[in-house]
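J.:
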Amino acid sequence: MLGPTKPSDDFPYWLVLLGGVVAYLGYQVVADDLYAQVLGTLSKGIRITVLVTLVGFSLASALGLGLALMSTSRSIVIRQIARFYIEVVRGIPIIVLLLYVAFVVAPALVALANWLLTPFDAELVRTRQFPLLWRATLALAIGYSAFIAEVFRAGLQSVDCGQIEAAHTLGLNRWQRFRYIVFPQAIRTILPPLGNDFVAMVKDSSLVSVLGVGDITQLGKVTAAGNFRYFETYNVVALIYLTLTVTLSLALRRFERHLRQPGQD
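Going by this note's numbering, 94 is the number at position 63 of the sequence shown; the sequence numbering is gapless.
#1: DSSP on R219, reduced to helix/strand/coil?
#2: Can you tell me whether D63 is buried or exposed, with buried defined as 16 or more other CB within 10 angstroms of its CB?
#3: Taking 9 angstroms as the threshold (C-beta atoms), are S189 and T84 in contact?
#4: If I measure Cβ to Cβ from L225 and keep anything under 6 angstroms in the same chain, skipping five residues before and after, which residues do I get?
#5: Given a cut-off of 9 angstroms, decide if L164 and L82 are closer than it, judged by their beta-carbon atoms.
#6: How should Q249 be labelled, buried or exposed, when 16 other C-beta atoms within 10 angstroms of its C-beta is the threshold for buried?
#7: So what's N204 in DSSP terms, helix, strand or just coil?
#8: Verify whether the separation of the beta carbon atoms of I77 and I247 is less than 9 angstroms.
#9: Kindly indicate the opening and closing residues of the alpha helix (DSSP H) around T80.
#10: Given this structure, state the Cα-to-Cα distance separating S89 from T80, to the nearest angstrom.
#11: Output yes or no for whether 9 angstroms exceeds the beta carbon distance between V233 and L56.
#12: Classify A180 as buried or exposed, calling it buried when 16 or more other Cβ atoms lie within 10 Å of its own Cβ.
#13: If you draw a straight line from the C-alpha of A231 to the C-alpha of G50, how long is it?
#14: Under a Cβ-count criterion, where at least 16 other Cβ atoms within 10 Å of its own Cβ denotes burial, should I107 be classed as buried or exposed?
#15: If I follow the unbroken alpha helix (DSSP H) through P138, where does it start and stop?
#16: Please classify F42 as buried or exposed, where buried requires at least 16 other C-beta atoms within 10 Å of its C-beta.
#17: State yes or no: is the C-beta of L129 within less than 9 angstroms of the C-beta of G174?
#18: Buried or exposed: S74, going by 16 or more other Cβ atoms within 10 Å of its Cβ?
#19: What is the rounded straight-line gap between the Cα of W206 and the Cα of P215?
#20: Compare the C-alpha of V241 against each of G122, V141 and L171 and name the closest.
#21: Kindly say whether L201, judged by its beta-carbon, lies nearer than 9 angstroms to any beta-carbon of chain E.
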């Protein structure tokens, strides 16, 4: 049987060990010219990784919220459309979705845009004008929107129905009930798993390298292929991702503890 834990049991020994690994790799970057050179090359990909993550997650969150609202709609047709989208997208691996969006959906969107522009005698758009960076970002947004939709749906449905009925009795319309009653309470349930999805997207953003997008992973592959120093190169790649994800995870845990404190509104 599980019993109460002592405060000392919660000491983050894992963090101390991880800090030692990161400190060792950081020392190698300072002391070894090869590590420093690799880091200088890979640092150019950090901007791409951060851009893909921020834009992709923002789009996925907006789409996920819309899908969650559709999932809780009174219309069975709207609910089934949302369910169909969520189940289909969740059943496709992210890497397959990346390839499908890049080489099937993107050309179809370009063809649709050209069809719409034809009556206006506007200059036609070419598929190569749709950068692979944005195709990859769109694919990540679509893939994660299905998972984020479930996070939002669970949070929205966690709000007590009695409060919603009371708000309806007071004369609040559907939008006002959502804005003032449902969402402010649901956000506490939504934020922790939403933060986990954000950290997961930082890691999954490395998959855009299959399209040749110059993120950290792609630059790491190119660098290793050029200098044949795979050990050093991928040590630096791992160090960068560890720094990003662990920092975000610790910040999210701190924020989650803040939300759990009594008296916080």
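Virtual Cβ for every residue (Gly too), placed ideally from N, Cα, C.
T.: Taking the geometry as given:
#1: In the structure shown, R219 adopts helical secondary structure according to DSSP, grouped into three states.
#2: D63 is exposed by the Cβ-count criterion.
#3: no
#4: V182
#5: yes
#6: buried
#7: coil
#8: yes
#9: DSSP places T80 in the uninterrupted alpha helix (DSSP H) bounded by D64 to S102.
#10: 14 angstroms
#11: no
#12: buried
#13: 21 angstroms
#14: exposed
#15: A137 to L148
#16: Within a 10 Å sphere around the beta-carbon of F42 sit fewer than 16 other beta-carbons, which makes this residue exposed.
#17: yes
#18: The Cβ neighbour count for S74, taken over all protein chains shown within 10 Å, is under 16; the residue is labelled exposed.
#19: 13 angstroms
#20: L171
#21: This model lacks chain E altogether, as it is built from one protein chain only.
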